[in-house]
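Enquirer:
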Amino acid sequence: MKSSLLAAVAALALAGTAAAQPSRQPALEDQLAYAAQAPKAGTFQLIPLRVLQEVRGQEGMITIQNGIYVLQGPDGNVTVQIGPEGSVVIDSARKAQAAELVAALKALVGPHTIRFVFTTNGDPERAEAAYDVRKSGKAIFGGNVAGQASDLAGEAVHMSHQAVLDRLSGIGKDKAVDETEWPKETYAEEDYDFHFNDEGVQFFHAPAAHTDGDSVVFFRRSDVVVAGDLWDTGAYPRIDTAHGGTVQGVLDGLNHVVELTIPGNKQEGGTLVVPGRGRPGDEAEVVEYRDMVTIIRDRIKDMADKGMTLDQIKAAKPSFDYDGRYGSTTGPWTTDMFISAVYEGVKPARPQRRRAAR
Amino acid sequence: MGLDLRRIWLAAAPLAAAALLPAGPAAAIDLDGYYQPVMHEDQPERGQGPDAGEYMGLPINEAMRSRGETWNGSLLSIPERQCVPHPATYGMRGVGNLHLWEVRDPGTQELVKYEQQIVWEAQHREIWMDDRPFPPEWALHTWQGFSKGHWEGDVLVVETRNLKPGWIRRNGLALSDKAHMTERYIRHGDILSHVYMIEDPVYLTEPMIKTSIFRIMAQPNMGAYPCRPAVEIPRPKGSVPHNAFHQTADIEEFAKRYNLPVEAVAGGAETAMPEFLDELAARRPAQATKVAQGGRK
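One line per chain: the protein sequences are A and B, in this order.
In this note's numbering, each residue carries its 1-based index in the first sequence increased by 1.
In this note's numbering, each residue carries its 1-based index in the second sequence increased by 362.
1. Closer than 8 Å, CB to CB, is Leu33 of chain A near chain B or not?
2. Leaving out five residues before and five after Arg221 of chain A in sequence, what residues of the same chain have Cβ atoms less than 6 Å from its Cβ?
3. Check each candidate in B:Asp539, B:Tyr558, B:Leu537 and name the one with the smallest Cα separation from Arg546 of chain B.
4. Hey, is Leu502 of chain B's beta-carbon within less than 8 Å of any beta-carbon in chain A?
5. Tell me which residue opens and which closes the beta strand (DSSP E) that Phe542 of chain B is part of.
6. Quick one: does Val602 of chain B have its CB under 8 Å from some CB of chain A?
7. Counting only Cβ-Cβ distances shorter than 9 Å, please list the residues of the segment 526-557 of chain B near chain A, keeping chain order.
8. Can you tell me whether Arg362 of chain A is helix, strand or coil according to DSSP?
9. Between the segment 95-103 of chain A and the segment 283-303 of chain A, can you find at least three pairs of beta-carbon atoms closer than 8 Å?
10. Could you compute how far the alpha carbon of Ser341 of chain A sits from the alpha carbon of Leu311 of chain A?
11. Quick check: the segment 633-646 of chain B against the segment 578-589 of chain B, are at least 3 beta-carbon pairs closer than 8 Å?
12. Hey, could you find the ends of the beta strand (DSSP E) Pro49 of chain A is sitting in?
13. Where does Phe220 of chain A sit, in a helix, a strand or coil, going by DSSP?
14. At the 8 Å Cβ level, is Trp463 of chain B part of the contact set with chain A, yes or no?
15. Would you call the CB atoms of Thr336 of chain A and Ser320 of chain A closer than 8 Å?
16. Could you name the residues of the segment 560-576 of chain B whose beta carbon sits closer than 9 Å to any beta carbon of chain A, in the order they occur along the chain?
17. Helix, strand or coil for Gly87 of chain A, going by three-state DSSP, please let me know.
18. Suppose the cutoff is 7 Å on Cβ atoms and the five residues either side in sequence are ignored; what does the same chain contact list for Ala390 of chain B look like?
19. At a cut of 8 Å, does the segment 79-91 of chain A reach the segment 297-317 of chain A through at least three beta carbon pairs?
20. Which residues, taken in chain order from the segment 420-432 of chain B, show a beta carbon closer than 7 Å to some beta carbon of chain A?
21. For Ile480 of chain B, which residues does DSSP report across the bridge?
22. How would you label Ala360 of chain A, buried or exposed, when you count the other beta carbons within 10 angstroms and need 16 or more for buried?
23. Check distances from the C-beta atoms of the segment 307-337 of chain A to those of chain B and list, in chain order, the residues that come in under 9 Å.
24. Could you name the residues of chain A that Lys599 of chain B contacts, counting a contact when the two beta carbons are closer than 7 Å?
25. Would you kindly check if the distance between the Cβ of Ala105 of chain A and the Cβ of Leu72 of chain A is under 8 Å?
26. Give a yes or no on whether 8 Å exceeds the smallest Cβ distance from Pro449 of chain B to chain A.
27. Quick one: complete beta strand (DSSP E) runs, 3+ long, within the segment 61-117 of chain A?
28. Less than 8 Å between the CB atoms is what I'm expecting for Val217 of chain A and Val275 of chain A, so what's the real figure, rounded?
29. DSSP three-state label for Gly469 of chain B, please.
30. To which residues of the same chain is Gln46 of chain A closer than 6 Å at the C-beta, ignoring the five residues directly before and after it?
31. For Leu438 of chain B, does the count of other Cβ atoms within 10 angstroms reach 16, so buried, or fall short, so exposed?
32. Identify each residue in the segment 476-501 of chain B for which the Cβ-Cβ distance to at least one residue of chain A is less than 9 Å, and report them in chain order.
33. Verify the CB distance criterion: does Val274 of chain A have a CB-CB separation below 8 Å to chain B?
34. With a 10 Å radius around its C-beta and 16 neighbouring C-beta atoms as the bar for buried, classify Leu172 of chain A as buried or exposed.
35. Which residues, in chain order, does the segment 432-446 of chain B contribute to contact with chain A at a C-beta distance below 9 Å?
36. Applying a beta-carbon distance threshold of less than 9 Å, which residues of chain D neighbour Ala606 of chain B?
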């Protein structure tokens, strides 16, 4: 049964020609057209980036163009592609919100069953929440054979980069999450792609960025890039140095996002980008963020090259002119932690000690 | 007793005239037209652009000053920056003709919006007059933001939110995406006065207020502004031109060229006040006296 939420969105899409026809600023007009109507379901705010286009045929509603939606939550964004083959969910917020997320997803996707759940990094809480989301979906698998394949029966496929599985399964160490929460399919190369809902979906590994297992996801026809935790519109990038994250990896990833995006007229609109946290934007806003991270990285590197210690660098406040926008003295990711993480990536290498000749 | 048709006509005429007027918020004056900027005020800034490091009289905080010091003009040469237009918070200060026109609902003749175009980088704005709600914070932020207008007497008052990170001056004084702007459009015959006030909790210590003047043009004059970025200077991937941290060379150079105290050039709300001269005199008597007298070397 189609959910009331999806029905409302679809009705709006059909009622308003603004969303259905090309316009000078389609992204903005899409968003403004639905600004007043976009519902907030508890914790999650629904943000329509590209609205699902459906028409009524003889056998009911027929999807003629995919929709890309964001469920914006306090602990991360969840991006959803909805189309005739089902739905793809990118990231899953946190375990604490998993039940609420699953309810919001069910309302959003309606009959477009969740087929894939993709995790853009190896944060354990993401994988834990992804477990609940994948259990609410169903993979496309051969007819009644699916019932005999216990691994795939009645759940979506959970995917990620191989480094995420390595981390969660704790190769050589204790596993980070229970085996049931591990991704079931991974890619180990630089990139991976498949065609789903009549569009190419590409996954690019962003090595050593937020963690060592980050991915950037590109919905080619919908023209939407999911940047994951490379971009946070309200904070400095979270660099998890304990799990392979580096500032250079974040910058490489952001530069790759800039390469993937093509802005519209006067550097506005065009390809839209979904951050790991915060509000979606376009290339210009990613460029602004990339520039900020680059400038702070350069400052800290310059100080480190001059021999300043981490404490001296912190005292010099190398990010102070951006702190009013991105900084924090409290919470899980503070300015102090960001500067420490950047320093870790740019500090001069210690000279190798020569072994004394015997 | 015969009907006094003249009296009936006189009484009915205003009602008939009112029935012919469009409903909705009435435009007190006609703003439609093509305007040319009049550069008598703040000509160096509005014409060729301000010098690097010139922040006098602007209510900037330390963080904004640092953004200005860090800014390097070469930033505008990277492809991602080449076609960026002035944001709404600066467009009226830049060069280029201005076109203002009203858009009415063809059926009801209600005033729906004003549109505005400035030739440089084709800055196009919509000022909604139909009291629609502002978009939420999560909606896409744009260079021109989302604007709503209303009339206060003969003055069109415009509120703008949902702006991208922009600037208040062409020399690197940045504005955050938390900023919002209030404008007033005032027309006196052929002259259009534009007053704008920007508030930014991140980079301004108090509202920044500026005025600009435009003169109506006899003939329409508005060109297209196609722009396609290209690599003009090959650089390593991901290069972001910028000055070193706490680089004050630009401020010092400007101060030296015009024989001004560095403290005044560096800006801040206090530098807009007459009392600032007294403060300078207390700190540096000789130089402050020279500035007060308009003296130069």
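Idealized CB from N, CA, C, for every residue including glycine.
Expert: In brief:
1. Here residue 33 of chain A is taken as the residue at index 32 of the first sequence, counted from 1. Reliability fails at Leu33 of chain A, whose pLDDT of 45 lies under 50, so the model's placement of it is uncertain and no value is given.
2. Here residue 221 of chain A refers to the residue found at position 220 of the first sequence. Around Arg221 of chain A: Glu200, Gly201.
3. The sequence position of residue 546 of chain B within the second sequence is 184, counting from 1. Per the Cα distances, B:Tyr558.
4. Counted from its first residue, the second sequence places residue 502 of chain B at position 140. With 8 Å as the cut-off, Leu502 of chain B counts as an interface residue toward chain A.
5. Taking the first residue of the second sequence as 1, we reach residue 542 of chain B at position 180. A small correction: the amino acid at residue 542 of chain B is His; Phe does not occupy that position in the sequence shown. Membership of His542 of chain B in the beta strand (DSSP E) is indicated by the continuous run 542-550.
6. Against the second sequence, residue 602 of chain B aligns to sequence position 240. Yes, Val602 of chain B lies at the interface with chain A (some Cβ there is under 8 Å from its Cβ).
7. Those residues of the segment 526-557 of chain B placed with their C-beta closer than 9 Å to a C-beta in chain A are Lys526, Pro527, Ala536, Ser538, Asp539, Lys540, ordered along the chain.
8. With chain A covering only 2 through 359, there is no way to say anything about residue 362 of chain A.
9. In this structure the segment 283-303 of chain A does not touch the segment 95-103 of chain A; the number of beta carbon pairs closer than 8 Å is below three.
10. On the first sequence, residue 341 of chain A is found 340 positions in, with the first residue counted as 1. On the first sequence, residue 311 of chain A is found 310 positions in, with the first residue counted as 1. CA-CA distance, Ser341 of chain A to Leu311 of chain A, rounds to 7 Å.
11. No: fewer than three Cβ pairs fall under 8 Å.
12. Position 48 of the first sequence, counting from 1, holds the residue named residue 49 of chain A. Per DSSP, the continuous beta strand (DSSP E) segment holding Pro49 of chain A begins and ends at 45-51.
13. For the purposes of this step, residue 220 of chain A is identified with residue 219 of the first sequence, where counting begins at 1. Three-state result, Phe220 of chain A: strand.
14. Here residue 463 of chain B refers to the residue found at position 101 of the second sequence. Answer no: the Cβ-Cβ gap between Trp463 of chain B and chain A never drops below 8 Å.
15. If you number the first sequence from 1, residue 336 of chain A lands on position 335. If you number the first sequence from 1, residue 320 of chain A lands on position 319. Yes. Within cutoff.
16. Cβ proximity to chain A below 9 Å picks out Pro563, Val564, Tyr565 from the segment 560-576 of chain B.
17. Indexing the first sequence from 1 puts residue 87 of chain A at position 86. Note: Gly87 of chain A maps to strand in three-state DSSP.
18. Here residue 390 of chain B corresponds to residue number 28 of the second sequence, with the count starting at 1. Excluding sequence neighbours, Ala390 of chain B sits near Trp513, Gly515, Asp516.
19. No, they do not touch.
20. With the criterion set as a beta carbon lying under 7 Å from some beta carbon of chain A, the members of the segment 420-432 of chain B are Ala425, Ser428, Arg429, Thr432, in sequence order.
21. Counted from its first residue, the second sequence places residue 480 of chain B at position 118. Checking the DSSP bridge columns, you'll see Ile480 of chain B partnered with B:Leu460, B:Gln485.
22. Past the boundaries of the shown model lies residue 360 of chain A; chain A is included only from 2 to 359, so the question cannot be answered.
23. The segment 307-337 of chain A vs chain B, Cβ under 9 Å: Ala317, Pro319, Phe321, Asp322, Tyr323, Asp324, Gly325, Arg326.
24. Here residue 599 of chain B refers to the residue found at position 237 of the second sequence. Here the neighbours are Asn256.
25. Taking the first residue of the first sequence as position 1, residue 72 of chain A is located at position 71. Taking the first residue of the first sequence as position 1, residue 105 of chain A is located at position 104. Contact: yes.
26. Position 87 of the second sequence, counting from 1, holds the residue named residue 449 of chain B. Not a single C-beta of chain A is nearer than 8 Å to the C-beta of Pro449 of chain B.
27. Within the segment 61-117 of chain A, the complete beta strand (DSSP E) runs of at least 3 residues are 61-66, 68-74, 77-84, 87-91.
28. As a working note, residue 217 of chain A is residue 216 in the first sequence. As a working note, residue 275 of chain A is residue 274 in the first sequence. Contact doesn't hold; Cβ gap of about 10 Å is too wide.
29. By one-based count along the second sequence, residue 469 of chain B stands at place 107. Reduced to three states, the DSSP call for Gly469 of chain B is coil.
30. The residue you call residue 46 of chain A lines up with position 45 of the first sequence. Result list for Gln46 of chain A: Gln73, in chain order.
31. Here residue 438 of chain B is taken as the residue at index 76 of the second sequence, counted from 1. Burial call: exposed.
32. The segment 476-501 of chain B vs chain A, Cβ under 9 Å: Glu483, Ala484, Gln485, His486, Arg494, Pro495, Phe496, Pro497, Pro498, Glu499, Trp500, Ala501.
33. Here residue 274 of chain A refers to the residue found at position 273 of the first sequence. Not an interface residue.
34. Here residue 172 of chain A is taken as the residue at index 171 of the first sequence, counted from 1. Note that residue 172 of chain A is Ile in the sequence shown, not Leu. Exposed, since its Cβ has fewer than 16 Cβ neighbours within 10 Å.
35. Residues of the segment 432-446 of chain B with a C-beta atom less than 9 Å from some C-beta of chain A are Thr432, Leu437, Ile440, Glu442, Arg443, Gln444, Cys445, Val446, listed in chain order.
36. Of the chains in the structure shown, none is chain D; the protein chains are A and B.
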